[in-house]
Each structure stands twice: as structure tokens, then as C-alpha cells.
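Per the numbering used here, residue 15 is the first one in the sequence shown, and the count goes up by one each step.
Glycine residues also receive a C-beta, built at the ideal position from the N, C-alpha and C atoms.
Here the structure is a predicted model, which is why all the values come from computation and not from measurement.
Reading through the C-alpha cells given below for one structure.
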Amino acid sequence: MVRRSVAAGRLHFTTDVERAVQHGTILFIAVGTPPDEDGSAGLQYVLAAARGIGRVMTDYKVVVDRSTVPVGTGDAVDAAVAAELPERGVDIPCSVVSNPNSEGPEARRREAPVVARAGPAPTRSGTATATASSPRARWILSSPRDGLMIRVHPLNG
Numbered sequence: 015m016v017r018r019s020v021a022a023g024r025l026h027f028t029t030d031v032e033r034a035v036q037h038g039t040i041l042f043i044a045v046g047t048p049p050d051e052d053g054s055a056g057l058q059y060v061l062a063a064a065r066g067i068g069r070v071m072t073d074y075k076v077v078v079d080r081s082t083v084p085v086g087t088g089d090a091v092d093a094a095v096a097a098e099l100p101e102r103g104v105d106i107p108c109s110v111v112s113n114p115n116s117e118g119p120e121a122r123r124r125e126a127p128v129v130a131r132a133g134p135a136p137t138r139s140g141t142a143t144a145t146a147s148s149p150r151a152r153w154i155l156s157s158p159r160d161g162l163m164i165r166v167h168p169l170n171g
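As C-alpha cells, this is what we get:
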């Protein structure tokens with residue numbers, strides 16, 4: 015799926031924040047979360063990426079974090095993006111969603127996420143995120159905090 019999407023020009027990878035932010039509406043933060051001294055997930059790279067998005071965004075964005083981050087990270091990502099906007103004298107909407115994943119054969123069998131959780135603008139972010147997925151994807155929209163409590167599993171039907 016990744017090779018096909020890259021070849022078709024639908025999927026791009028870059029470390030250039032400005033280029034990535036200007037490229038699309040849905041932005042995945044895919045950085046490491048090395049453990050902090052106390053063993054908890056270190057969010058310094060996640061929040062640095064969020065601040066970078068806030069520094070250069072010029073229109074509405076859906077920022078997608080990983081499901082492996084602690085509950086409440088979506089709030090921190092939203093705050094990090096929002097903190098950069100007043101310094102630029104702009105007020106641009108942004109939604110933060112989580113992209114829960116599963117492990118093993120079930121995850122490999124699917125070609126799209128099954129669960130997404132919505133941030134402050136559920137309809138707008140849910141629609142944008144679902145648009146990026148396969149038509150076969152099934153979506154559950156929930157509050158930001160509840161979303162990280164949802165674990166992906168095969169859905170009946």
C-alpha cells in the first residue's frame with residue numbers, strides 16, 4: 015500500500031516541516047517517543063513537530079498523532095500548535111486526531127485505519143481524515159481523551 019501510494023504521488027515523506035505543512039490538509043506526526051527518565055513516553059519530539067506546524071500553517075489542518083502516546087497528548091499537541099499562531103498574528107483552525115493502530119495479521123490485512131478520534135472539530139476533522147482512507151474503512155469518532163482508550167479490533171458487519 016505504501017509503495018503504491020508513493021508511486022501514485024498520494025503519499026509523501028519529508029523532514030521539511032514547511033513543505034509538509036503546505037502540501038496537505040492531513041499531517042501525520044510520526045516521530046519517536048523515547049522514554050523520559052521516569053519511564054513515561056517522552057513527548058519532546060511530538061511537541062516540537064506540533065510547534066513547527068503552528069509556525070508555518072496558513073490554512074485549516076488536521077494533525078494526526080500516534081495511538082502510542084499517552085492520554086492527553088492530543089490536548090498538548092493542540093496547545094503547542096495554537097501557541098505559535100498569536101506570535102504570527104494569525105488565528106487558524108486546527109483539529110488534532112489520533113490514528114489508533116493494531117498489531118499483527120489483522121493490521122496487515124487492512125488497507126486503512128478502522129478507528130479515528132476527533133479533536134475540537136469532530137465533523138470537519140472526521141470527514142477530512144476519513145477522506146484520506148480507503149472507502150472500506152470504518153470510523154468511530156469520539157472525544158480526544160476517549161479516543162486513546164479505544165483499541166482497534168475487527169468490526170462485525
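Residue i - DSSP class collapsed to helix/strand/coil
i    : result
A94  : helix
S112 : strand
A55  : strand
P48  : coil
R102 : helix
T82  : coil
D30  : coil
A64  : helix
G88  : helix
R24  : coil
Check whether residue i and residue j have beta carbons under 7 Å apart
i    : j   : result
T47  : A34 : no
A22  : L61 : no
V110 : V77 : yes
D237 : I43 : This structure cannot speak to residue 237, because the chain is shown only from 15 to 171.
Beta-bridge pairing of residue i - partner residues as DSSP gives them
i   : result
I40 : V76
Span separating the alpha-carbon of residue i from that of residue j
i    : j    : result
S148 : P107 : Note that S148 has pLDDT 45, beneath the 50 cutoff, so the model's placement of it is unreliable and the number below is only indicative. Rounded to the nearest angstrom, the two C-alpha atoms are 26 Å apart.
V16  : N113 : 16 Å
G103 : I67  : 15 Å
I40  : A96  : 16 Å
V83  : Y59  : 12 Å
D105 : V31  : 19 Å
V20  : E51  : 37 Å
Spatial neighbours of residue i in its chain, beta-carbon cut-off 7 Å, leaving aside the 5 residues before and after
i   : result
A90 : L57 and L61
E98 : R65, G68 and R69
Close beta carbons around residue i, own chain, < 8 Å, minus the five adjacent residues each side
i   : result
Q36 : V70 and T72
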